[in-house]
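Here the sequence shown is numbered in this note's numbering, starting from 122 and rising by one per residue.
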Amino acid sequence: MAMLAHTRDAVVLTDGALTGHGPRILAANPAFARLTGHAAADLTGTRLSRMAAAATDTEQVADLVTALADGHPTGGTVALRRADGTTAWVEGEAVPVRDSAGTVYQVRAVLRDVTEQVRRQRLLAVAGSRAHELL
Numbered sequence: 122m123a124m125l126a127h128t129r130d131a132v133v134l135t136d137g138a139l140t141g142h143g144p145r146i147l148a149a150n151p152a153f154a155r156l157t158g159h160a161a162a163d164l165t166g167t168r169l170s171r172m173a174a175a176a177t178d179t180e181q182v183a184d185l186v187t188a189l190a191d192g193h194p195t196g197g198t199v200a201l202r203r204a205d206g207t208t209a210w211v212e213g214e215a216v217p218v219r220d221s222a223g224t225v226y227q228v229r230a231v232l233r234d235v236t237e238q239v240r241r242q243r244l245l246a247v248a249g250s251r252a253h254e255l256l
């Protein structure tokens, strides 16, 4: 992880527990800690499901988990709950890592903070809706 310490993208490595309460974080770079607002040392062992924000699309997450469990790389935009309770929207790609028997034992993900883009899109949608009402 030393080479990832200075990248702007958030990188997280989890175990392969894709069912039940979800995977636990094995390692994360400083950008992931900044993105989530958690101390890097506190992230190890935390379940990713504890960081799911209320705005998270559960169907989308189920699709992502299914793809990973089937051994396929996947990606999308999801909402994370930061340590202070605010929501961070992240766009990312996740890749399952298999052992010699073909079992997924880890997942590696690279995430980008797209909170501002999501906020702007929502503002534009509201503005467009109001403009349409005026016409």
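Ideal Cβ positions, reconstructed from N, Cα and C, are used throughout, including at glycine.
- DSSP places residue 215 in no alpha helix (DSSP H) but in the uninterrupted beta strand (DSSP E) bounded by 208 to 219.
- Distance between residue 142 and residue 155, taken at the CA atoms: about 24 Å.
- By the C-beta density criterion, residue 172 is buried, having at least 16 other C-beta atoms within 10 angstroms.
- DSSP places residue 234 within a strand segment (E or B) once states are collapsed to three.
- Unbroken alpha helix (DSSP H) stretches of 4 residues or longer found wholly inside the stretch 142 to 179: 151 to 157 and 161 to 164, given in chain order.
- Pairwise C-beta distances place the stretch 198 to 208 out of contact with the stretch 219 to 231, as fewer than three of them are shorter than 8 Å.
- Boundaries of the beta strand (DSSP E) harbouring residue 136: 131 to 136, taken from the DSSP string.
- In the structure shown, residue 187 falls within a helical segment according to DSSP collapsed to helix, strand and coil.
- Taking a contact as a CB-CB distance under 8 Å, the pair residue 161 and residue 149 counts as one, their CB atoms being some 6 Å apart.
- Residues 137, 225, 226, 227, 228 and 229 of the same chain have their beta carbon placed closer than 8 Å to that of residue 218, with the five preceding and five following residues left out of the count.
- For residue 202, the uninterrupted beta strand (DSSP E) run begins and ends at 195 to 202, by DSSP.
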